[in-house]
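**Q** Below you'll find the structure I mean.
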Ligand SMILES: Nc1ncnc2c1ncn2[C@@H]1O[C@H](COP(=O)(O)OP(=O)(O)O)[C@@H](O)[C@H]1O
Ligand SMILES: [Mg+2]
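Residue numbers (the working numbering): 280 to 657.
In structure tokens:
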């Protein structure tokens, strides 16, 4: 067969068959769900949170639970939050879905048919009505439990997005959730470390200390090699030595590894083995394709944040003499900027060392310095 489909997916959550490792995390999440515990899954963007949630959801269903996944990315109002919750319950398996639908129907604002046959709400919704609808939707696991005796695992993905809605919404969530006992278990997943910390780590907030935290670490090189090698082979290609620079660059970042593998695979003819030329070409393609996105990320940073990121990208101590001299960073300025970068998830601390999260941004920044010979930020 000389036309194969590229086996490396990099732009959407992946199925169990494409998920590298994460066995321990899956098992742990499932056990905690079965035990009725709340968990927060905090990891950078593109680290496989949603993919992992789906795997755990599958396993939870096999273990006899219902699984509901709600993505709050980009929500702006309580009305939208309610819509997202309804969409989540629409994806239940058929029997519990029927029960959920019936309850959801009773929570809808009353509607009538307008002149042109369009559904119009008979009266404007008051805040109280929206609140009641939301409470009802959050209580759905209780209805399911009463009717079927099965626990529902609810995964709230991009949970931190709720903070954009209004300051009281996490209180409303918590007030409903805390009374559900055996009816539900919750996983709160989020990409934004600063906002997740605000929700779960601030004394004055309702979710303070409410959920165990499960982190997602970078993938190990042997796991990545095995996965990439097997997929090359299954499609009649060999990855060969070109996998080494790929591993070096990806540094365990799951999506970056798959993105690079996808492009490397494109370069290699069926029956061939990847070499240095293929790798070079693949990397050029990746950088060209991602240029706009990387530049947009870079431009979103303050000048001092760019300076700290650059220092970390080339491995210079943030508070060292070189940084002070070349990047014009005072200690206070550096500390503040480092905090902001960490808050937004551009860098994170592992084993006591601060590192950039996205190795491709590191590459882009260092290439940029190299080519232009000066600071892109000024
Ligand atoms: N464990 C993994 N194994 C293989 N690919 C992964 C893994 N985790 C993440 N990815 C890659 O990252 C991409 C984004 O995954 P996703 O689950 O959407 O991440 P997140 O929800 O954290 O942003 C996937 O398309 C895939 O290429
Ligand atoms: Mg996701």
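Heads up, the beta-carbon is just placed ideally off N, CA and C, and yes, glycines get one too.
Looking only at its own chain, which residues have a Cβ that is under 8 Å from the Cβ of residue 382, when we skip the five neighbours before and after it?
**A** Numbered from its first residue, the chain shown carries residue 382 at position 103. Around residue 382: 415, 419, 422.
**Q** Which term fits residue 449, buried or exposed, when burial requires 16 or more other beta carbons within 10 angstroms of its beta carbon?
**A** Within the chain shown, the letter at position 170 stands for residue 449. Residue 449 is buried by the Cβ-count criterion.
**Q** Whole-angstrom Cβ separation of residue 349 and residue 491, contact assumed at under 8 Å?
**A** Reading the chain shown from its first residue, position 70 is the one you call residue 349. Reading the chain shown from its first residue, position 212 is the one you call residue 491. Going by Cβ atoms, the distance from residue 349 to residue 491 rounds to 20 Å, so no, they are not a contact pair.
**Q** What is the DSSP secondary structure of residue 335, counted as helix, strand or coil?
**A** In the chain shown, the residue the question calls residue 335 occupies position 56. Residue 335 falls in the helix class under three-state DSSP.
**Q** By a C-beta neighbour count over all protein chains shown, 10 Å radius and 16 as the cutoff for buried, is residue 496 buried or exposed?
**A** On the chain shown, residue 496 is found 217 positions in, with the first residue counted as 1. Result: exposed.
**Q** Please tell me whether residue 627 and residue 641 are closer than 7 Å, where the distance is taken between their beta carbons.
**A** The residue labelled residue 627 in the question sits at position 348 within the chain shown. The residue labelled residue 641 in the question sits at position 362 within the chain shown. Not closer than 7 Å, so no.
**Q** Which term fits residue 534, buried or exposed, when burial requires 16 or more other beta carbons within 10 angstroms of its beta carbon?
**A** Walking along the chain shown from the start, residue 534 turns up at place 255. It is buried - the Cβ of residue 534 has at least 16 other Cβ atoms within 10 Å.
**Q** Return the chain-ordered ranges of every alpha helix (DSSP H) run that is complete within the stretch 452–499 and spans a minimum of 4 residues.
**A** List check, alpha helix (DSSP H) in window: 472–480.
**Q** Under a three-way DSSP split, which group does residue 329 fall into?
**A** What you label residue 329 is simply residue 50 of the chain shown in a count that begins at 1. Residue state, collapsed to three classes: helix.
**Q** Sort out for me which residues DSSP pairs residue 225 with in a bridge.
**A** Residue 225 lies beyond the residue range present for the chain, which begins at 280 and ends at 657; the question has no answer from this structure.
**Q** So residue 326 and residue 437 are supposed to be a Cβ contact under 8 Å. How far apart are they, rounded?
**A** Reading the chain shown from its first residue, position 47 is the one you call residue 326. Reading the chain shown from its first residue, position 158 is the one you call residue 437. That belief does not hold up - the Cβ atoms of residue 326 and residue 437 are roughly 13 Å apart, past 8 Å.
**Q** Inspect the beta-carbon positions of residue 429 and residue 336 and report whether they are closer than 7 Å.
**A** Here residue 429 refers to the residue found at position 150 when the chain shown is read from its first residue. Here residue 336 refers to the residue found at position 57 when the chain shown is read from its first residue. The answer is no: Cβ separation not under 7 Å.
**Q** Is it buried or exposed, residue 431, if we count other Cβ atoms within 10 angstroms and call 16 or more buried?
**A** Indexing the chain shown from 1 puts residue 431 at position 152. The residue is buried, with at least 16 neighbouring Cβ atoms inside 10 Å.
**Q** Which residue marks the beginning of the alpha helix (DSSP H) containing residue 383, and which one marks its end?
**A** Translated into positions along the chain shown, residue 383 becomes position 104. Start and end: 373–386.
**Q** With distance defined between alpha-carbon atoms, name the residue in 639, 347, 601, 556 nearest to residue 577.
**A** Here residue 577 corresponds to residue number 298 of the chain shown, with the count starting at 1. Looking at the Cα atoms, 639 is the closest of the given residues.
**Q** Considering only C-alpha positions, which residue in the set 555, 644, 373 is nearest to residue 573?
**A** Numbered from its first residue, the chain shown carries residue 573 at position 294. Comparing Cα positions, the closest option is 644.
**Q** Does ligand 4 have even one heavy atom less than 6 Å from the beta-carbon of residue 583?
**A** With respect to small molecules bound, the structure shown includes ligand 1 and ligand 2 and not ligand 4.
**Q** Taking contact to mean at least 3 C-beta pairs separated by less than 8 Å, is the stretch 613–633 in contact with the stretch 504–513?
**A** No: the two stretches stay apart, fewer than three of their Cβ pairs being nearer than 8 Å.
**Q** Look up residue 242 in the DSSP assignment and give the residues it is bridged to.
**A** The structure shown does not extend to residue 242, since the chain is modelled only from 280 through 657, so no value can be given for it.
**Q** Taking the straight line between their C-alpha atoms, what separation do you get for residue 480 and residue 405?
**A** Translated into positions along the chain shown, residue 480 becomes position 201. Translated into positions along the chain shown, residue 405 becomes position 126. Taking the straight line joining both Cα atoms gives about 32 Å.
**Q** Alpha carbon to alpha carbon, how far is residue 309 from residue 329?
**A** In the chain shown, counting from the first residue as 1, residue 309 sits at position 30. In the chain shown, counting from the first residue as 1, residue 329 sits at position 50. Cα-Cα distance, rounded: 15 Å.
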